[in-house]
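Participant: I have a structure here, written as structure tokens, and I will follow up with some questions on it.
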Amino acid sequence: MVSVVYEAPDSIDGAISLLANADVPAKVLAGGTDLIIQTNGSADVSRLFVDVKKIAGMLDANLSAEGLDLGPSMSCAEFTAREDIKKVFPGLVEAAYLIGSTQVQGRASIGGNLCNSSPAADTIPALLVNGAQCVIAGPGGERSVAAEDFMTGVGRNCMEKGELLKTIHLPTPAANTSDAYLRFIPRTEMDIAVAGAGVSLTLDDSGTCIAAKVAIGAVAPTALLVSAAADALIGTKLDDDALQAAADAASAASSPISDRRGTAGYRKQIVGVLVKRAAKIAATRAKGN
Amino acid sequence: MAKTHVTTSINGEPQEFLCEPGDTLLDVLRNDLNMTGTKEGCGSGDCGACSVTLNGRLVCSCLVLGVEVEGAEVGTIEGVSSGDGLHVIQEKFLEHAALQCGICTPGIIVSTKALLEENPNPTEEEARYYLAGNLCRCTGYDKIIRAVMDSAETLRGGA
Chain A
36 MVSVVYEAPD
46 SIDGAISLLA
56 NADVPAKVLA
66 GGTDLIIQTN
76 GSADVSRLFV
86 DVKKIAGMLD
96 ANLSAEGLDL
106 GPSMSCAEFT
116 AREDIKKVFP
126 GLVEAAYLIG
136 STQVQGRASI
146 GGNLCNSSPA
156 ADTIPALLVN
166 GAQCVIAGPG
176 GERSVAAEDF
186 MTGVGRNCME
196 KGELLKTIHL
206 PTPAANTSDA
216 YLRFIPRTEM
226 DIAVAGAGVS
236 LTLDDSGTCI
246 AAKVAIGAVA
256 PTALLVSAAA
266 DALIGTKLDD
276 DALQAAADAA
286 SAASSPISDR
296 RGTAGYRKQI
306 VGVLVKRAAK
316 IAATRAKGN
Chain B
2 MAKTHVTTSI
12 NGEPQEFLCE
22 PGDTLLDVLR
32 NDLNMTGTKE
42 GCGSGDCGAC
52 SVTLNGRLVC
62 SCLVLGVEVE
72 GAEVGTIEGV
82 SSGDGLHVIQ
92 EKFLEHAALQ
102 CGICTPGIIV
112 STKALLEENP
122 NPTEEEARYY
132 LAGNLCRCTG
142 YDKIIRAVMD
152 SAETLRGGA
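Given below as structure tokens:
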């Protein structure tokens with residue numbers, strides 16, 4: 036049985052103070068879809084849960100000329116219902132839509148997905164290709180960390196004791212830019228990625244790719260940006276050779292494990308296939324923008 | 002440890018309860034409020050037997066803490082039918098014999114109601130995806146989906 040102390044501060048400062056001064060393991064409670072299960076399986080210990088959902092802005096998403104400022108605790112259900120965001124970041128929305136069931140999406144959040152820092156988190160590759168910045172508040176003030184530097188290992192990230200993810204910022208994409216995220220699971224719904232790939236592309240008027248980002252998930256200790264895969268696409272019209280070169284670069288950058296969902300060799304191959312397919316979808320979307 | 006006092010609304014009625022901070026909403030509903038229509042299946046958010054709505058969103062009550070529903074609106078299977086009779090969805094589940102052991106049924110009915118409020122005219126594929134988080138180990142889902150699609154048609158007034 037775990038003994039839980041529950042606090043629901045209404046300010047960032049209040050949350051930081053609770054997290055910084057806790058004398059038992061302190062956990063931020065957003066949607067709880069990971070945290071409550073992790074706690075149920077624990078030995079007899081005490082925990083402090085700091086529910087951050089009463090803090091202004093935590094459940095909001097604001098799309099402006101500067102980009103998207105996302106409250107980390109906004110549920111995936113609320114997020115995926117936002118048609119304005121879907122127009123600008125369709126890949127991130129489709130990644131959020133893949134997390135768990137309808138019920139899980141009613142609670143789970145993109146900030147929670149990021150802070151849980153699973154290698155297989157669906158939204159992380161989509162955040163990486165969109166240049167997401169993580170605004171972290173702590174006892175010493177605020178700092179901003181690029182999403183690709185946020186995760187430091189399996190289930191680990193750069194957050195220190197007393198720190199709280201305050202906002203996820205995505206800059207406004209350039210003209211004729213769009214994104215896509217695909218994952219492979221052995222069934223059609225409700226599973227954890229065997230491999231995942233996010234791609235963001237910018238095309239010029241002739242259809243040539245002039246900027247690209249490629250990220251892969253579930254095939255390394257953390258999701259990775261693969262610059263070699265992006266470079267294989269830039270300057271091309273996304274012909275078969277360019278797509279294959281990007282796929283090969285993504286496979287080469289991966290270092291997957293074998294488990295019951297798939298072997299390392301299979302994951303290495305499939306992540307390349309996903310990169311190719313996601314690039315095609317992103318390109319079709321970018322032409323429409 | 003001192004229990005926490007929580008004031009909330011369940012099925013439109015004001016409700017107060019005391020709970021331990023680590024108790025789930027499912028624990029509170031079943032053990033403290035004697036609302037045993039909501040079932041515990043897996044206790045880990047996989048099966049959907051404990052589905053309820055929280056501020057209008059479908060959630061697993063095993064993944065919500067009781068203390069979190071302070072000031073919230075909770076909807077359970079007990080509130081699906083507003084009067085003495087059954088809701089159309091409940092009638093259709095009986096008509097189509099869309100259950101065997103029945104443990105998953107309250108959760109599936111709560112989820113179906115949420116689905117049809119969001120999307121009154123779902124395709125079968127949309128219904129199956131929406132309900133993918135509600136597991137049934139008896140029926141093979143065929144009769145459940147027939148009941149859901151018939152409910153949708155009836156609620157649209159097309160029957």
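If you're matching them up, the sequences are chains A and B in order. Here my numbering is used: the first residue of the first sequence is 36, the next is one more, and so on. Here my numbering is used: the first residue of the second sequence is 2, the next is one more, and so on. Glycine included, every Cβ here is placed at the ideal spot set by N, Cα and C.
#1: Could you say if the segment 171–180 of chain A and the segment 126–138 of chain A meet the contact criterion of at least three C-beta pairs nearer than 8 Å?
#2: Under 7 Å Cβ to Cβ from B:Ala128, same chain only, skipping five residues before and after it: list those, please.
#3: When you compare only the Cα positions, how much space is there between A:Thr207 and A:Asp214?
#4: Rounding to the nearest angstrom, what Cα-Cα distance links A:Pro221 and A:Asp157 in this structure?
#5: Identify every run of the alpha helix (DSSP H) within the segment 44–123 of chain B, keeping only runs that are complete inside it and at least 4 residues long; order them along the chain.
#6: Let me check understanding here. Comparing Cα to Cα, which of A:Val59, A:Ile245, A:Pro160, A:Val310 lies closest to A:Lys196?
#7: I'd like to know if A:Pro108 contacts chain B, where contact means its C-beta is closer than 7 Å to some C-beta of that chain.
#8: What did DSSP end up calling A:Lys272 once you bin it into helix, strand or coil?
#9: Run down chain B in chain order and give the residues with a C-beta less than 7 Å from the C-beta of A:Gly92.
#10: Hey, is the segment 70–88 of chain B in contact with the segment 132–145 of chain B, meaning 3+ C-beta pairs nearer than 8 Å?
#11: Taking A:Ala314 as the reference, give the member of A:Ala299, A:Ser241, A:Gly231 with the closest Cα.
#12: Can you tell me whether DSSP reads A:Asn192 as helix, strand or coil?
#13: Looking at the structure shown, is A:Glu198 part of a helix, part of a strand, or coil, going by DSSP?
#14: Name, in chain order, the residues that DSSP records as bridge partners for A:Gln168.
#15: Rounded to whole angstroms, what is the Cα-Cα separation between A:Ala264 and B:Glu126?
#16: What span of residues does the beta strand (DSSP E) with A:Val234 cover, start to end?
#17: Excluding the five sequence neighbours on either side, which residues of its own chain have a C-beta within less than 8 Å of the C-beta of B:Asp47, listed in chain order?
#18: For B:Asn102, count neighbouring Cβ atoms within 10 angstroms of its own Cβ and tell me buried if that reaches 16, exposed if not.
#19: Output the boundary residues of the beta strand (DSSP E) element that contains A:Tyr216.
#20: Compare the C-beta of A:Ile71 with all C-beta atoms of chain B and state if any pair is closer than 7 Å.
#21: When the cut-off is 7 Å and only beta carbons count, does A:Gly141 lie next to chain B?
#22: On the DSSP letters alone, give me the boundaries of the alpha helix (DSSP H) that A:Ile120 sits inside.
#23: Against chain B, does A:Thr137 count as a neighbour if the rule is that its beta carbon must be under 7 Å from one of theirs?
#24: For a quick check, are the C-beta atoms of B:Ser45 and B:Lys93 less than 7 Å apart?
#25: Would you mind reading off the limits of the beta strand (DSSP E) that contains A:Gly252?
#26: Note down the Cα distance separating A:Gly126 from A:Ile203, rounded to an integer number of angstroms.
#27: Give me the Cβ distance between A:Leu205 and A:Ile171, rounded to the nearest whole Å; I'm assuming they're in contact under 8 Å.
#28: Please list, in chain order, all residues of the same chain as B:Cys61 whose beta carbon is under 7 Å from its beta carbon, the five residues on each side excluded.
#29: Who are the Cβ neighbours of A:Ile51 in its own chain at under 7 Å, not counting the five residues just before and after it?
#30: Quick one, which of A:Thr319, A:Val87, A:Ala288, A:Ala255 has its alpha-carbon nearest A:Lys201's?
#31: Does the beta carbon of B:Arg157 come closer than 7 Å to any beta carbon on chain C?
#32: Do A:Ala228 and A:Ala318 come within 7 Å of each other at the CB atom, strictly closer than that value?
#33: Check each candidate in B:Asp143, B:Tyr130, B:Pro121 and name the one with the smallest Cα separation from B:Arg157.
#34: In whole angstroms, what separates the C-alpha of A:Cys111 from that of A:Gly300?
Facilitator: The short version:
#1: No: fewer than three Cβ pairs fall under 8 Å.
#2: If the five residues before and after B:Ala128 are omitted, its C-beta is found closer than 7 Å to the C-beta atoms of Leu116, Ile146, Val149, Met150, all from its own chain and listed in chain order.
#3: If I take the Cα positions, the gap works out to 12 Å.
#4: Taking the CA atoms as reference points, A:Pro221 sits about 15 Å from A:Asp157.
#5: Listed in chain order, the alpha helix (DSSP H) runs fully inside the segment 44–123 of chain B are 89–96, 106–119, counting runs of at least 4 residues.
#6: Looking at the Cα atoms, A:Val59 is the closest of the given residues.
#7: A small fix is needed here, since residue 108 of chain A is Ser in this sequence, not Pro. Closer than 7 Å to the CB of A:Ser108 there is not a single CB belonging to chain B.
#8: Looking at A:Lys272 - three-state DSSP - the assignment turns out to be coil, as it is neither helix nor strand.
#9: At a beta-carbon threshold of 7 Å, none of the residues of chain B lie near A:Gly92; the nearest stands roughly 18 Å away.
#10: Taking a contact to require three or more Cβ pairs closer than 8 Å, the segment 70–88 of chain B and the segment 132–145 of chain B do not qualify as touching.
#11: Of the listed residues, the one whose Cα sits closest to A:Ala314 is A:Gly231.
#12: DSSP places A:Asn192 in strand when its eight states are reduced to three.
#13: Correct three-state label for A:Glu198: coil.
#14: In DSSP, A:Gln168 forms a bridge with A:Ala181, A:His204.
#15: Going by the C-alpha atoms only, they are around 35 Å apart.
#16: Counting along the chain, A:Val234 sits inside the beta strand (DSSP E) bounded by residues 230–238.
#17: Result list for B:Asp47: Gly134, Leu136, in chain order.
#18: The sequence given here has Cys at residue 102 of chain B, not Asn. B:Cys102 is classed as exposed because its beta carbon has fewer than 16 other beta carbons within 10 Å across all chains shown.
#19: According to the DSSP assignment, A:Tyr216 belongs to the beta strand (DSSP E) that extends over 212–219.
#20: Output row for A:Ile71: interface = yes.
#21: Yes, its Cβ sits closer than 7 Å to a Cβ of chain B.
#22: From DSSP, the alpha helix (DSSP H) with A:Ile120 extends over 118–123.
#23: Chain B, which has a Cβ nearer than 7 Å to the Cβ of A:Thr137, makes this yes.
#24: Using a Cβ distance threshold of 7 Å, B:Ser45 and B:Lys93 do not count as a contacting pair.
#25: From DSSP, the beta strand (DSSP E) with A:Gly252 extends over 244–252.
#26: A:Ile203 has its alpha-carbon roughly 16 Å from the corresponding atom of A:Gly126.
#27: Actually they are not in contact, since the Cβ atoms of A:Leu205 and A:Ile171 sit about 16 Å apart, beyond 8 Å.
#28: Counting only Cβ-Cβ distances below 7 Å, and skipping sequence neighbours, we find Gly46, Gly49, Cys51, Ser52.
#29: Excluding residues up to 5 positions away in sequence, Ala172, Gly173, Pro174, Gly197, Leu199 lie with their Cβ nearer than 7 Å to the Cβ of A:Ile51 in the same chain.
#30: The candidate whose alpha carbon is nearest that of A:Lys201 is A:Val87.
#31: Judged by its chain identifiers, the structure shown contains no chain C, and its protein chains are A and B.
#32: Taking C-beta atoms as the reference points, A:Ala318 and A:Ala228 fail to come closer than 7 Å.
#33: Answer by Cα proximity: B:Pro121.
#34: Using only the alpha carbons, I get a separation of about 32 Å.
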